[in-house]
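The numbers in our numbering rise by one with no breaks, and the one at position 75 of the sequence shown is 159. C-beta: ideal position from N, C-alpha, C; glycine also. Model, not experiment: these values are computed from the prediction. Structure first, then comments.
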Amino acid sequence: VPVMTGWVTGDGNLMGAPGLNAEQFRNQSAKTYGTRSTEYLQIFPGNTDAEAKASQLKTAMLQFAGIPAHRWALSNKQPVFIYEYRFVPTDKPGFPNYGAFHTSEVPFAYHTLAHWKRPWQPRDYEMEKRMTAYWVNFICTGNPNGKGLPAWNPYDKSRGTILVLDGQTQQKHGLYSKAFAFSDSLQ
Numbered sequence: 085v086p087v088m089t090g091w092v093t094g095d096g097n098l099m100g101a102p103g104l105n106a107e108q109f110r111n112q113s114a115k116t117y118g119t120r121s122t123e124y125l126q127i128f129p130g131n132t133d134a135e136a137k138a139s140q141l142k143t144a145m146l147q148f149a150g151i152p153a154h155r156w157a158l159s160n161k162q163p164v165f166i167y168e169y170r171f172v173p174t175d176k177p178g179f180p181n182y183g184a185f186h187t188s189e190v191p192f193a194y195h196t197l198a199h200w201k202r203p204w205q206p207r208d209y210e211m212e213k214r215m216t217a218y219w220v221n222f223i224c225t226g227n228p229n230g231k232g233l234p235a236w237n238p239y240d241k242s243r244g245t246i247l248v249l250d251g252q253t254q255q256k257h258g259l260y261s262k263a264f265a266f267s268d269s270l271q
C-alpha cells in the first residue's frame, strides 16, 4: 500500500540531551565506526562542542525516524511519501518553547488547532490547512498531492525527495542522502 511517513526535527531530543562534548563525540565515533569514523565525522561533524551536540541530535533523529523511513520507502513496491516537519508552532504563554517537538505536527495534520489553547496566528492556520489537505488527499487517494498544494513526489533512492513542512513548504531532493548512504553501507 502507499505510505506516508516522516518525522519532526525535534525527534532527536527523544533520546535525551546530547551528553558528549566534541572530544568524547569523536572518540565515540572511532569506537563505533573504526576506520570509517572519518567518513562518519564528515557527515556528522564534531569539531566543537556545539557541532558535536548538533550532530548527536541529528544522528538520534535519523536513527529514530529518518533511516527507517528511507529503508521502508526503498523496500515498498507502492509510493512512499516522506516528510520532515520543521514548523515551530506559536508559543503557549507561560510554557517553554520546545521548537518543532515530537508530535507537534499532529494538531496541524488532524485539523484540531481549535482544541488547543494557544494564541494561534495566521501562519499556524495556513500550516493546518496545508497539512490537513495533504493528509485528507492521501487518505482518499493514496497520494497527498492536490490543487493549490506544493508538489510532493514519492521518495526514491535516486532523488531522495523529502517534503519539508515549514514556513516555506517545499520538496528537498537528496536531503540526508549522505547519511542514508552511510547507514545503508553498514548493513
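Query - 4-residue-minimum alpha helix (DSSP H) runs that sit fully inside the segment 123 to 196, ordered along the chain - result: Scanning the segment 123 to 196 for uninterrupted alpha helix (DSSP H) segments of 4 residues or longer gives 133 to 145, 151 to 159, 190 to 193, listed from N- to C-terminal end.
task = Pull up the distance between the alpha-carbon of Gly178 and that of Gln252, whole angstroms please.
result = Residue 178 sits at position 94 when you count from the first residue of the sequence shown. Residue 252 sits at position 168 when you count from the first residue of the sequence shown. Each residue's Cα considered, the two are about 28 Å apart.
Worksheet item: Is the segment 184 to 192 touching the segment 223 to 230 in the sense that three or more CB pairs, one from each, lie closer than 8 Å?
Response: Contact annotation: the segment 223 to 230 does not touch the segment 184 to 192, with fewer than three C-beta pairs closer than 8 Å.
- request: Thinking Gly232 and Gly94 are a contact (beta carbons under 8 Å), I'd like their distance in whole angstroms, please.
  value: Locating residue 232 in the sequence shown gives position 148, where the first residue counts as 1. Locating residue 94 in the sequence shown gives position 10, where the first residue counts as 1. Gly232 to Gly94, Cβ: 28 Å. No contact.
Exercise. Under the assumption that Met99 contacts Ala144 (Cβ atoms under 8 Å), give the Cβ distance between them as a whole number of angstroms.
Key: Along the sequence shown, one-based indexing puts residue 99 at 15. Along the sequence shown, one-based indexing puts residue 144 at 60. Your pair Met99 and Ala144 checks out as a contact, with CB atoms roughly 4 Å apart and the cut at 8 Å.
Notebook entry, point to check: At what residues does the alpha helix (DSSP H) containing Val220 begin and finish?
Noted result: Your numbering for residue 220 matches position 136 in the sequence shown. Judged by DSSP secondary structure, Val220 falls within the alpha helix (DSSP H) whose first and last residues are 206 to 225.
- Can you tell which of Pro163, Ile223, Phe148 has the C-alpha that lies nearest to the C-alpha of Lys241? The residue you call residue 241 lines up with position 157 of the sequence shown. The shortest C-alpha separation from Lys241 is found at Pro163.
Worksheet entry | Environment of Thr196 [buried if 16+ CB atoms lie within 10 Å] | Indexing the sequence shown from 1 puts residue 196 at position 112. Flag for Thr196 reads exposed.
Segment contact, 8 Å Cβ cut-off, at least three pairs: the segment 201 to 217 with the segment 118 to 125:
Result no; under three Cβ-Cβ pairs closer than 8 Å.
Item to check | Distance, Ala114 Cα to Tyr167 Cα | outcome: Counting from 1 along the sequence shown, the entry for residue 167 is found at position 83. Counting from 1 along the sequence shown, the entry for residue 114 is found at position 30. Within the model, the alpha-carbon separation for Tyr167 versus Ala114 is close to 31 Å.
Task: Gln108, enclosing beta strand (DSSP E) - first and last residue - done: As a working note, residue 108 is residue 24 in the sequence shown. Per DSSP, Gln108 belongs to no beta strand (DSSP E); it is in the alpha helix (DSSP H), 106 to 117.
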